[in-house]
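Protein chains in written order, with the working numbering: chain R, 264 to 444; chain Z, 1445 to 1812.
All C-beta atoms, glycine included, are put in the ideal place defined by N, C-alpha and C.
What follows is a single structure, written as structure tokens, with notes after it.
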Amino acid sequence: MICEHCKQRNATVTVTQVQNSQKVEHHYCDVCASQFHPFHAEFKQEPVSIQQLLSNWFGSPTWQQKVGEKQQAPTQQQTCPHCGFTYKRFLKEGKFGCPGCYDSFAEHLPKLFNRIQAGPQHIGKMPGAHSNVYVIKKQIEDIRKRMKDAVDEEQFEEAAKLRDEAKELESQLQFEGGDVS
Amino acid sequence: MIEPFLERATPVWMQVEDDYSDIVISTRIRLARNLDGYRFPLVFSEDEALQVEQAVTHAIQDSPKLHERYSYFAIKDLTPLQRQILVEKHLISPQLAKKELVGSMLLSEDESISIMVNEEDHLRIQCMTASFQLQKAYEQANKIDRALEGVLPYAFRDNFGYLTSCPTNIGTGLRASVMMHLPVLTLTGQMNQIINAMTRLGMTVRGIYGEGSENLGNVYQVSNQITLGKTEDDILADIQSVAEKIIQKERHARGKLMDKAELALEDRIYRALGTLTHARILTSEEAATCLSNVRLGVDLQLIDGIKAATLNECIVCMQPGFLQHYAGEALPPSERDRVRAKMLREALFQENLSKPTIGGKGEDSYDV
């Protein structure tokens, strides 16, 4: 296949774009592709590119934007009580206003992180205090699972032992300042 | 006192040479952190900025766990030229340098650690090493992070990790960058392919002389784009393996080029050296290209008597801020090309390169 752009070199790169939920495929050669590449946009206008990405993915589709302000998607008008940032403003700026925004808009974020990150869940390092709580929570979950297995197998003595272990950890968790739920 | 930090083009830690020094120039780790209860610098008030700055400065300077001494500088107290030099040395970001009211930096004595306060995030811990030492740089950054987490109320959530102003830094807040000199991959046109492949792996490639400079001087910075959903170890391991592959490719390409066209390559390298040691006007593009060629010559042992460290220094020094500092005055762009040529001539002649006839290092003393 020949590159769509220069119509000279062999097409080696396939660019798939989704525009208005229509999938469009383009075939370019190395040289042309590198010019259309999102990277190139990033060199020159980094702040814009992330905003554009965000509004393209999560803003209202163009056919909705004609509708009056009042009928705008309710998610966009959602406001962070800590800093007054609206979700719409986040889409526009590509940045959050305060740490609280992550709580205020929590429900929309996993979808976003699935696209721009490796996943929606942090699995890396934690501050020391957090990691204690986290480790204990994991242990409790594990014990509860084993407790259920023990009950299923009618090993009640074992289950009771596990229950005591879980209780012990829960009180430790309260001491560390985590909530038991 | 900011002056000592402006005098040296490259700090002492850059002088280290190891097995990777022929290709990797430096390694950088950055951790982005924020404090709960304060708005991000994008929208915070001056009052909040001040509180954040005091908390962070206090935490760093008075920490019993941090043994390095940190000098504190408020950006607003620095002249535009001083700021530009700090940017050219990669000690602060261009974004921090633009701050009018808030924003400050804490710099370790040896310049390997710089902590930016109230840039895009409340806190950015940046650690640099010479050559290819991701683990060492990360351990350094991690040590500072661990010391600060006990004192500062870090914004952290179980689900999203460390919270940052921009969702591209969320999670680990970790950006690892390896700066590499890849002249032969560029020459043989393999870089585009590599750049394409790296995007698919969630990595970015940029030039070093600032945004938009792309591959000026054939120096590229490879860094991770993904910060959430991967552990720090995995992010570092991925960058490590990608960088190693690129190093291998560059070495392989260098070997092949030497086999096939040693004379042509040697010619190209010595022409570049000739230009650097004799030209009277040098644009930054031409200087960067020549420095890249000479560096390749040094790495391939085609040129004797010039140290890679000197060339690293020249790469930093030839930028506009440093040139004006060197000249001791503000220079219009046309003048810069003249001063750049003079500075490079002096720097490379000092290397004791040409044995006969050249005595002084004055501007025209060898111009017989």
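In terms of DSSP beta bridges, what is residue i paired with?
i         : result
His1619/Z : For the sequence presented, residue 1619/Z should be read as Arg rather than His. Looking at the DSSP assignment, Arg1619/Z forms a beta bridge with Arg1474/Z.
Met1828/Z : The requested residue 1828/Z is not part of the displayed model; chain Z covers only 1445 to 1812.
Arg1568/Z : Ala1476/Z, Met1560/Z
Asn273/R  : Ile265/R
Tyr1516/Z : Leu1550/Z
Gln418/R  : According to DSSP, Gln418/R bridges with nothing at all.
Phe348/R  : Phe348/R is not bridged to any residue.
Phe1766/Z : Its beta-bridge partners do not exist; DSSP assigns none.
Val278/R  : His289/R
Phe1422/Z : Past the boundaries of the shown model lies residue 1422/Z; chain Z is included only from 1445 to 1812, so the question cannot be answered.
Ala1574/Z : Ser1470/Z
Thr342/R  : Thr349/R
Span of the alpha helix (DSSP H) holding residue i?
i         : result
Leu1709/Z : 1676-1722
Leu1792/Z : 1777-1793
Gln1528/Z : 1524-1532
His385/R  : It is not in any alpha helix (DSSP H) - His385/R carries neither H nor E in the DSSP assignment.
Gly1741/Z : 1728-1743
Phe1449/Z : 1447-1451
Tyr365/R  : 364-367
I think residue i touches residue j, with their Cβ atoms under 8 Å apart; what is that distance to the nearest whole Å?
i         : j         : result
Ile1469/Z : Met1647/Z : With 8 Å as the limit, Ile1469/Z and Met1647/Z do not qualify as a contact, their Cβ atoms being about 17 Å apart.
Leu1813/Z : Val1783/Z : Beyond the ends of chain Z as shown, which are 1445 and 1812, falls residue 1813/Z; an answer cannot be given.
Gly1741/Z : Leu1707/Z : The pair is not a contact, with the Cβ atoms about 13 Å apart (cut-off 8 Å).
Ile1519/Z : Ser1537/Z : About 11 Å separates the two Cβ atoms, so there is no contact after all.
Gly387/R  : Glu1676/Z : 5 Å
Met1635/Z : Leu1626/Z : 7 Å
Ile1691/Z : Tyr1464/Z : 7 Å
Arg1619/Z : Ser1685/Z : Actually they are not in contact, since the Cβ atoms of Arg1619/Z and Ser1685/Z sit about 17 Å apart, beyond 8 Å.
Asp1506/Z : Tyr1598/Z : Not a contact, Cβ separation roughly 18 Å.
Kindly say whether residue i, judged by its beta-carbon, lies nearer than 8 Å to any beta-carbon of chain Z.
i        : result
Cys361/R : yes
Phe302/R : At Phe302/R, the pLDDT of 42 sits below 50, so the modelled position is not reliable and the matter cannot be decided from this model.
Ala296/R : yes
Tyr350/R : no
Val278/R : no
Glu332/R : Confidence in Glu332/R is poor, its pLDDT being 44 and thus under 50, which makes the residue's placement unreliable; the coordinate value appears in the next sentence. No, Glu332/R lies away from the interface with chain Z (no Cβ there is under 8 Å from its Cβ).
Ala381/R : yes
Leu372/R : yes
Ala274/R : no
Val443/R : Note that Val443/R has pLDDT 45, beneath the 50 cutoff, so the model's placement of it is unreliable and the number below is only indicative. Chain Z contact via Cβ: absent.
His268/R : no
Lys358/R : yes
Pro390/R : yes
Asp427/R : no
Gln328/R : Model confidence at Gln328/R stands at a pLDDT of 47, short of 50, so the residue's coordinates are unreliable; what they give is reported in the following sentence. Taking Cβ atoms only, chain Z never reaches closer than 8 Å to Gln328/R, which makes this a no.
Going by the beta-carbon positions, is the gap between residue i and residue j smaller than 8 Å?
i         : j         : result
Met1890/Z : Arg1712/Z : An answer regarding residue 1890/Z cannot be provided, because it is not within the stretch 1445 to 1812 covered by chain Z.
His290/R  : Leu1672/Z : no
Leu1701/Z : Leu1788/Z : no
Val1649/Z : Arg1698/Z : no
Pro1439/Z : Gln1526/Z : Nothing can be reported for residue 1439/Z: it is not among the residues displayed for chain Z, which extend from 1445 to 1812.
Ala1785/Z : Ala1723/Z : yes
Leu375/R  : Tyr365/R  : no
Ala1503/Z : Phe1576/Z : no
Leu1567/Z : Arg1477/Z : yes
Thr1501/Z : Tyr1482/Z : no
Glu1512/Z : Glu1451/Z : no
Val278/R  : Asp293/R  : no
Ser1556/Z : Leu1535/Z : no
Thr1616/Z : Ile379/R  : no
Phe1600/Z : Pro390/R  : yes
Ser1728/Z : Lys358/R  : no
Gln340/R  : Lys355/R  : no
Phe368/R  : Cys343/R  : yes
Glu1694/Z : Ile1467/Z : yes
Asn1640/Z : Ala296/R  : yes
Val1487/Z : Gly363/R  : no
Give a yes or no on whether 8 Å exceeds the smallest Cβ distance from residue i to chain R.
i         : result
Cys1610/Z : yes
Leu1486/Z : yes
Leu1607/Z : yes
Glu1706/Z : no
Tyr1598/Z : yes
Thr1670/Z : Just to set this straight, residue 1670/Z is Ile in the shown sequence, not Thr. Closer than 8 Å: yes.
Gln1393/Z : The structure shown has nothing for residue 1393/Z, since chain Z only spans 1445 to 1812.
Asn1640/Z : yes
Asp1462/Z : no
Asp1711/Z : no
Just to confirm the assignment, what range does the beta strand (DSSP E) spanning residue i have?
i         : result
Gln285/R  : 285-291
Leu1550/Z : 1548-1552
Arg1649/Z : Inspection of the sequence shows that residue 1649/Z is occupied by Val rather than by Arg. 1647-1651 is the span of the beta strand (DSSP E), which, as asked, contains Val1649/Z.
Any heavy atom of the ligand ZN within a distance shorter than 7 Å of the CB on residue i?
i         : result
Leu1744/Z : Ligands displayed in this structure: none; no statement on the ligand ZN is therefore possible.
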